[in-house]
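Note sheet for the following structure.
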Amino acid sequence: AQRVTQPEKLLSVFKGAPVELKCNYSYSGSPELFWYVQYSRQRLQLLLRHISRESIKGFTADLNKGETSFHLKKPFAQEEDSAMYYCALSNSGYALNFGKGTSLLVTP
Amino acid sequence: NAGVTQTPKFQVLKTGQSMTLQCAQDMNHEYMSWYRQDPGMGLRLIHYSVGAGITDQGEVPNGYNVSRSTTEDFPLRLLSAAPSQTSVYFCASSYDRQSGPYNEQFFGPGTRLTVL
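Listed in order, the protein sequences are those of chains B and R.
Position one of the first sequence corresponds to residue -6 (our numbering), numbered consecutively onward.
Position one of the second sequence corresponds to residue 244 (our numbering), numbered consecutively onward.
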């Protein structure tokens, strides 16, 4: 069975500090992994896909198949990064299996 | 492009009432899906469709019904509302034949439903 685990419900950091949002997955095949972000009162939007290997808004995420992890990182957090972050897995393309989400709060 | 649209934005129902949440997309996407978002639970898949006339159940389908008569529309029906269905409902779509199946899922703005 596929599963996505985000161990932290809430992560609070100071502005300028590094941030790492953890995501672990269980899946027997080759998963497609994503990070979605939901800012206050807005719809979910894609932040990163592992196959793109890109940096968006200063965030990066590397797929580690050995540790079955896809942690989201940013070296210097900004207040506008405060949001709900969801790690998600797709094995088919038609739908996503989401983690429970991590609420990131960046305080000045 | 309007993207993925959902109506209504807010709804209050009494236990036992039925209603339909509307979802439409104008991106010519093959795949559409419905999720519910609950605090501490993340988003859970209710139903999905891989094309017009084809639907299937997700993780939490009980109490909900869907149909896909056109590519654009994917309504979600609550047959007899229960307080446990109080949630925020998101519709999403993905996959046009040019971009391939593992492309971005686009989400609607959500419908906040309260069942009393």
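Don't be surprised by glycine CBs; every beta carbon is placed ideally from N, CA and C.
Burial check for B/Asp74: the Cβ neighbour count within 10 Å reaches 16 or more, so the residue is buried. R/Ser276 sits buried, since 16 or more C-beta atoms from the chains shown fall within 10 Å of its C-beta.
Against chain B, the beta carbon of R/Glu347 has neighbours under 7 Å at Leu39, listed in chain order. Between R/Phe349 and R/Val247, the alpha-carbon positions lie close to 7 Å from each other.
In this structure, DSSP gives R/Glu273 a state outside helix and strand, which the three-state scheme calls coil. Within chain B, Arg36 have C-beta atoms less than 7 Å from the C-beta of R/Pro352, given in sequence order. Under the Cβ criterion of 8 Å, B/Leu14 is not counted among the residues facing chain R. DSSP lists B/Leu65 as the bridge partner or partners of B/Ala54.
About 16 Å separates the Cβ atoms of R/Phe317 and R/Leu286, ruling out a contact at the 8 Å cut-off. For B/Leu40, the enclosing beta strand (DSSP E) has its first and last residue at 38 to 42. Note that the C-beta distance between B/Leu89 and B/Ala76 is not below 8 Å. Rounded to the nearest whole angstrom, the C-alpha separation of R/Ala325 and R/Val303 is 14 Å. The beta carbon of B/Tyr32 sits closer than 6 Å to the beta carbons of Ala76 from its chain, once the five residues preceding and following it are set aside; these are given in chain order. One thing to note: R/Ser261 has its Cβ within 8 Å of the Cβ of R/Leu322.
Beyond the five residues adjoining it in sequence on each side, B/Thr53 comes within less than 7 Å, by CB distance, of Lys66 in the same chain, given in chain order. Contact residues of the region 66 to 93 of chain B toward chain R are Tyr79, Ser83, Gly86, Tyr87, Ala88, Leu89, Phe91, Gly92, Lys93 (C-beta to C-beta distance below 7 Å). Note that the region 2 to 15 of chain B does not touch the region 299 to 313 of chain R; fewer than 3 beta-carbon pairs, one per stretch, sit closer than 8 Å.
Counting along the chain, R/Asp299 sits inside the beta strand (DSSP E) bounded by residues 297 to 300.
According to DSSP, R/Cys334 shares a beta bridge with R/Trp277.
From the beta-carbon of B/Lys2, the residues of chain R found nearer than 9 Å are Gly283. With a threshold of 8 Å between beta carbons, R/Phe333 makes contact with chain B. Rounded to the nearest angstrom, the gap between the Cα atoms of B/Ser5 and B/Val99 is 6 Å.
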